[in-house]
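For reference, the structure is listed below as structure tokens.
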Amino acid sequence: MLAVAVLLLGNELYWQRHRQSSEFSRKAVHILVGCFVASWPWLLDWWQIQLLGIGFILGVTASQYLGIFRAIHSVQRPTYGELCFGAAVGLAPLITHNKWMFAVAMLHMALADGLAAVVGVAYGRKNQYKVWGHAKSVAGSLTFFCISVALLAAYSLIVGPIGLGHVLAIALVSTLLENIAIYGLDNLFVPLLVATVLQSRI
């Protein structure tokens with residue numbers, strides 16, 4: 069938890085000095101913290117991971133109330149992404165105790181979702197579409213899908229083959245879910261979906 073706090077503090081100080089996009093700040097933290105969380109099964113017991121998930125929710129709530137980390141809270145749209153992030157971390161161990169499954173699920177949240185947002189902002193202005201009034205982009209969705217395929221392919225090589233058809237199907241459903249789960253709810257539903265599907269194949 070201390071390492072996460074250090075990342076948040078460093079991002080806050082950088083944002084205050086350079087005042088770059090709040091969306092960029094949020095996604096930078098999203099990617100860095102998510103990648104770190106993916107390594108937790110090799111560092112911590114499952115009950116400790118669940119406690120940290122609860123602690124993350126409490127910390128984000130306190131930060132929003134006290135206005136501590138403005139860099140990640142100052143986006144101009146309603147979002148529960150940070151809270152859902154913590155909830156996913158706490159709930160995923162209830163679905164699987166497989167370290168690689170947990171890691172791949174968290175990396176969908178960190179890399180696929182995080183980089184999709186970055187690419188969407190940079191290259192998605194001319195290919196935008198809306199889902200329930202929320203802007204999405206073809207560039208962002210394709211990025212999510214491709215990274216999802218890469219993560220699942222890596223999992224297949226490390227843990228055991230799950231088949232190209234299943235890889236593509238899981239990636240496609242995850243991409244669709246990321247599109248329709250607005251207000252940051254994708255941070256909860258996508259990793260739990262990935263963990264559930266992979267666990268069901270054991």
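Numbering (the numbering used here), first residue to last: 69 to 270. Even glycine gets a Cβ: it sits at the ideal position worked out from N, Cα and C.
A direct Cα-to-Cα measurement between LEU210 and ALA184 gives close to 8 Å. Under the three-pair Cβ rule at 8 Å, the segment 157-164 does not count as touching the segment 235-248.
Leaving aside the five residues that flank MET169 on each side, the residues in its chain whose CB is nearer than 7 Å to its CB run, in chain order, ALA263, LEU266 and GLN267.
The residue among TRP108, TRP114, ARG269 and GLY252 with its C-alpha nearest the C-alpha of GLY228 is ARG269. Rounded to whole angstroms, ALA171 and LYS95 show a C-alpha spacing of 18 Å.
Taking 8 Å as the upper bound for CB-CB distance, GLY149 and GLY252 are in contact here, some 3 Å apart.
Looking at TRP200, VAL206, GLY201 and LEU119, the one whose alpha-carbon comes closest to that of TYR191 is VAL206. Secondary structure of ALA249 (DSSP, three-state): coil. Listed in chain order, the non-local C-beta contacts of VAL186 below 6 Å within the same chain comprise LYS95, local neighbours out to five positions each way being set aside. According to DSSP, LYS198 shares a beta bridge with ALA203. Between VAL235 and VAL217, the C-beta gap is smaller than 8 Å, which places the two residues in contact. Note that the C-beta distance between LEU256 and PHE213 is not below 8 Å.
By the Cβ-count criterion, ASP254 is buried, with 16 or more other Cβ atoms from all chains shown falling within 10 Å of its own Cβ.
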